[in-house]
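**Q** Attaching a single structure in structure tokens format; questions to follow.
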Amino acid sequence: MLRKLFGLGKNTGRKKDPVAEQLGIDPEMCYCPSCGDEYRADITTCAGCNIALISGTEKLSQAKEKTEAFFSRSMEIGPEEPRVAIKGGKLRDLKPYQLLLAKERIPALLTGQEGDCRKG
Ligand SMILES: [Zn+2]
Numbered sequence: 754m755l756r757k758l759f760g761l762g763k764n765t766g767r768k769k770d771p772v773a774e775q776l777g778i779d780p781e782m783c784y785c786p787s788c789g790d791e792y793r794a795d796i797t798t799c800a801g802c803n804i805a806l807i808s809g810t811e812k813l814s815q816a817k818e819k820t821e822a823f824f825s826r827s828m829e830i831g832p833e834e835p836r837v838a839i840k841g842g843k844l845r846d847l848k849p850y851q852l853l854l855a856k857e858r859i860p861a862l863l864t865g866q867e868g869d870c871r872k873g
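In my numbering, each number is its position in the sequence shown, counted from 1, plus 753.
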């Protein structure tokens, strides 16, 4: 599954939609809408979930929609927005958390408290 996510799946040499490639979706295959398993185009039902498969094209348009929604998410934190403190500690220890959250398009602030040596 991870290999699919990172688009490192099989290389067939066929010319493909670069987005499809990146998402690891082959428009000529079928996919289970529940578990995401990939099937040959002539198979109509997921063996694991026993539900009807969707075409690769359909899965691709769904995935593209999702991706667009994801990247259009704002990374700005407005003054009115509620904030939650999730972790305290040294700035250099917290930086990885901020990066992790940013990967999921979740904005995070690292705020100094007393004893913080950064001075504006
Ligand atoms: Zn399934």
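Cβ coordinates follow ideal geometry from the N, Cα and C atoms, glycine included.
Return the chain-ordered list of same chain residues with a C-beta closer than 6 angstroms to the C-beta of E867, the five sequence neighbours on each side being excluded.
**A** Confidence is the limiting factor: at E867 the pLDDT is only 49, short of 50, which leaves the residue's position unreliable and the question unanswerable from this model.
**Q** Of all the options G777, G801 and L854, which has the alpha carbon lying nearest to the alpha carbon of S787?
**A** Taking only the C-alpha atoms, the option nearest S787 is G801.
**Q** Using three-state DSSP, classify A855 as helix, strand or coil.
**A** Helix.
**Q** Whole alpha helix (DSSP H) runs in the stretch 799-850 with 4 or more residues, listed along the chain?
**A** With a minimum length of 4 residues, the continuous alpha helix (DSSP H) runs that stay inside the stretch 799-850 are 809-824.
**Q** Closer than 7 angstroms by C-beta to A816: which residues in its own chain qualify, once you throw out the five before and the five after it? Chain order, please.
**A** Closer than 7 angstroms at Cβ, skipping near neighbours: L776 and I778.
**Q** What does the alpha-carbon distance come out to for the pair A794 and M828?
**A** Taking the straight line from one Cα to the other gives about 39 angstroms.
**Q** Just to check my reading of the structure: I797 and L806 have Cβ atoms closer than 8 angstroms, yes? What is that Cβ distance to the nearest angstrom?
**A** The displayed chain sequence assigns Thr, not Ile, to residue 797. Their Cβ separation, rounded to whole angstroms, is 6 angstroms, which keeps T797 and L806 in contact under 8 angstroms.
**Q** Which first and last residues belong to the alpha helix (DSSP H) in which A861 is found?
**A** Run containing A861: none; DSSP gives neither H nor E here.
**Q** For G801, is the beta carbon positioned less than 7 angstroms from some heavy atom of ligand 1?
**A** G801: yes, Cβ under 7 angstroms from ligand 1.
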